[in-house]
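Written below as structure tokens is the structure these notes are about.
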Amino acid sequence: MFGKILIANRGEIALRILRACRQLGVPAVVAYSEADIDTLAVQQAEEAICIGPADAKRSYLSAAAIISAAIVTGCDAIHPGYGFLSEDDAFAEMVRAHGLTFIGPSAEVLERFASKATTRHLLAEHGLPTIPGSGLIRDDAHALEEAERIGYPVLVKPSAGGGGKGMRMVRSPRELEQALTICRSEARAAFGDDSLYLEKWLEENRHVEVQVVVDRYGNAVHLGERDCSVQRRHQKLIEEAPTPALGPESRRHLCESAVQAVVAAGYENVGTLEFLVDTEGNYYFIEINCRIQVEHPVTEMLTGIDMVAEQIRIAAGEPLGYTQADVDPRGHAIEFRITAEDVGHDFRPQAGTIEEFQAPGGPGVRLDSHIYRGYEVPPYYDSLLGKLVVHGPDRATAIARARTALAELRIEGLETTVAFHRAILSHPVFLEGGFTTNLLDRVGPAAFVAAARD
0 MFGKILIANR GEIALRILRA CRQLGVPAVV AYSEADIDTL AVQQAEEAIC IGPADAKRSY
60 LSAAAIISAA IVTGCDAIHP GYGFLSEDDA FAEMVRAHGL TFIGPSAEVL ERFASKATTR
120 HLLAEHGLPT IPGSGLIRDD AHALEEAERI GYPVLVKPSA GGGGKGMRMV RSPRELEQAL
180 TICRSEARAA FGDDSLYLEK WLEENRHVEV QVVVDRYGNA VHLGERDCSV QRRHQKLIEE
240 APTPALGPES RRHLCESAVQ AVVAAGYENV GTLEFLVDTE GNYYFIEINC RIQVEHPVTE
300 MLTGIDMVAE QIRIAAGEPL GYTQADVDPR GHAIEFRITA EDVGHDFRPQ AGTIEEFQAP
360 GGPGVRLDSH IYRGYEVPPY YDSLLGKLVV HGPDRATAIA RARTALAELR IEGLETTVAF
420 HRAILSHPVF LEGGFTTNLL DRVGPAAFVA AARD
């Protein structure tokens with residue numbers, strides 16, 4: 000096991016990693032920007048180090064600053080969390096070149112799976128069905144040609160990164176030409192890579208992902224699947240498991256196919272394979288995330304497996320201590336992403352002081368958050384304040400506990416999405432488990448809030 004780990008991230012995930020390190024008995028150092036000096040992770044850490052100004056490019060995205068911080072504080076490993084440099088193969092290689100361990104897939108694995116377009120072809124060769132799409136787009140003329148071949152509507156996607164950035168659905172050549180410029184710009188700004196590819200757009204689909212854990216010796220398990228269909232502009236808002244979209248046999252086939260394919264393709268560490276499921280229950284692989292996911296607590300609540308600790312153990316060279324037969328998901332779990340956004344004004348990000356904060360409690364309730372009364376939410380980063388996760392023996396119980404927890408949760412001083420989540424829990428489409436990825440964009444979030452008031 001490592002002697003000391005540098006946590007190179009911020010917010011709730013930095014605190015989550017710190018807790019996992021403590022449970023493993025591993026000392027940890029929290030790296031922070033000047034804007035994050037008052038975060039809960041920094042306050043609770045035995046050791047912390049400033050890595051630069053608020054600008055992420057000069058702090059959380061600065062490989063030199065992070066590696067220097069690890070060396071100065073005597074760390075022998077770096078945990079990147081999610082986002083920032085968590086899937087950057089060049090950074091992982093730099094970490095290794097300085098005698099440190101990157102907690103995640105190796106640089107070679109990250110490079111192999113770096114391009115979403117290439118990964119689709121790679122995993123298709125190992126048995127996963129994929130949606131019709133293109134390779135990397137060379138120029139606008141090539142994109143128009145490929146779109147005609149695939150058939151409109153198509154989805155323009157960045158080959159690097161995720162989180163809905165650089166993505167647009169288009170229904171005509173004119174829309175495609177306009178979207179290409181926007182998507183390249185967004186992808187370049189977010190990921191430093193403006194390469195794009197096209198994918199056939201399924202009008203009605205569910206977004207389902209499979210969690211896998213693979214050690215360096217080829218031992219692998221899946222930890223079930225999660226449904227991430229409640230989205231706005233390709234940004235996940237609510238995740239739950241198991242998915243209401245699949246029956247037991249389809250679920251088993253999906254998960255087994257996913258874990259077999261990534262092992263055959265040479266994957267390592269914790270990873271998430273994302274699929275679209277059509278109205279007939281057919282599934283299509285779209286991408287893999289080579290890091291811990293924001294929604295990993297959903298799977299932890301079902302399985303009892305600490306996934307961040309698993310990341311650390313695997314990176315340290317330990318083999319999996321269990322087999323697929325030992326994984327026993329139980330009940331139903333739902334996660335609500337609580338963000339500092341004004342739903343009434345197109346989810347406009349908010350910044351300001353948390354004037355009042357009351358966390359919910361009770362059986363099956365978990366809140367992963369870095370905020371507290373008096374905390375100043377900075378304007379420089381994403382708007383995630385925390386993740387409310389509920390668990391119950393069945394979906395109905397999980398929803399009932401979610402209603403109670405959201406009623407108890409108080410965050411005052413700025414606009415948040417708490418009221419929006421309460422509204423979702425009153426909407427018949429969600430209660431029936433029939434949400435699709437485009438429903439919220441089609442009808443608008445205000446419709447759900449209005450329905451809840453009625």
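Under numbering that gives the first Met the number 0, residues 0 to 453 are what the sequence shown spells out, in order.
Note that the Cβ used here is the ideal one computed from N, Cα and C, for glycine as well.
What did DSSP end up calling residue i once you bin it into helix, strand or coil?
i: Q259; result: helix
i: E407; result: helix
i: T271; result: strand
i: S194; result: coil
i: E375; result: strand
i: R400; result: helix
i: K386; result: strand
i: E11; result: helix
i: I50; result: strand
i: A44; result: coil
i: P348; result: strand
i: E286; result: strand
i: R225; result: strand
i: Q323; result: helix
i: V25; result: coil
i: F335; result: strand
i: Q210; result: strand
i: A219; result: strand
i: R231; result: strand
i: R18; result: helix
Taking the continuous beta strand (DSSP E) assigned at residue i, which residues delimit it?
i: K115; result: Taken as a continuous stretch (DSSP letters only), K115 belongs to no beta strand (DSSP E), being part of the alpha helix (DSSP H) at 115 to 124.
i: F356; result: 355 to 357
i: I4; result: 4 to 6
i: A240; result: 234 to 240
i: F429; result: From DSSP, F429 is part of no beta strand (DSSP E) but of the alpha helix (DSSP H) over 427 to 430.
i: I77; result: 76 to 78
i: S368; result: 364 to 368
Mind checking which residues open and close the alpha helix (DSSP H) that includes residue i?
i: V297; result: 295 to 302
i: H420; result: 417 to 423
i: V342; result: V342 -> no alpha helix (DSSP H), and no H or E assigned at all.
i: L439; result: 438 to 442
i: A264; result: Here A264 belongs to no alpha helix (DSSP H), and DSSP marks it neither H nor E.
i: V90; result: Residue 90 is actually Phe in this sequence, not Val. 88 to 96 is the span of the alpha helix (DSSP H), which, as asked, contains F90.
i: R312; result: 306 to 314
i: I70; result: 62 to 71
Give the straight-line distance between the Cα atoms of residue i and residue j, rounded to the nearest whole angstrom.
i: E195; j: E286; result: A quick correction: the sequence has Leu, not Glu, at residue 195. Straight-line Cα distance between these residues: approximately 14 Å.
i: H252; j: G160; result: 28 Å
i: P392; j: G330; result: 4 Å
i: R312; j: R148; result: 46 Å
i: V258; j: A308; result: 20 Å
i: E340; j: L14; result: 22 Å
i: Y321; j: V220; result: 9 Å
i: F335; j: A358; result: 14 Å
i: G134; j: E145; result: 9 Å
i: P457; j: K199; result: Only positions 0 to 453 of the chain appear in this structure, which leaves residue 457 out of reach.
i: A324; j: G270; result: 19 Å
i: A455; j: D367; result: Outside the displayed span of the chain (0 to 453) sits residue 455, for which this structure offers no information.
i: G265; j: A113; result: 13 Å
i: R95; j: F101; result: 7 Å
i: A62; j: M93; result: 8 Å
i: V25; j: G280; result: 44 Å
i: E224; j: E299; result: 12 Å
i: Q230; j: L39; result: 28 Å
i: I370; j: D305; result: 22 Å
i: V417; j: Y81; result: 23 Å
i: I65; j: L143; result: 42 Å
i: R111; j: T118; result: 8 Å
i: V536; j: C20; result: Missing from the structure shown is residue 536; the chain here goes from 0 to 453 and no further.
i: T396; j: R409; result: 22 Å
i: E267; j: Q349; result: 37 Å
i: R441; j: P104; result: 37 Å
i: L438; j: C227; result: 13 Å
From the options, pick the residue whose C-alpha is nearest to that of residue i; which is it?
i: E238; options: T435, D37, P26; result: T435
i: G191; options: E224, P157, G385; result: P157
i: L405; options: R394, G412, V442, L387; result: L387
i: E294; options: G73, L109, R365; result: R365
i: I353; options: G303, E414, A395; result: E414
i: G343; options: P378, F419, Y151, R394; result: F419
i: L60; options: Y379, E45, E107; result: Y379
i: V29; options: L5, L23, D37; result: L5
i: A401; options: H426, L236, G363, E11; result: G363
i: E86; options: I70, E107, A69; result: E107
i: L175; options: A89, G385, I136; result: I136
Please tell me whether residue i has its Cβ less than 8 Å away from any Cβ of chain B.
i: V376; result: The question asks about chain B, but that chain is absent: this structure has only one protein chain.
Within the segment 101 to 181, note down every full alpha helix (DSSP H) run reaching 4 residues or more, in order along the chain. 106 to 111, 115 to 124, 139 to 149
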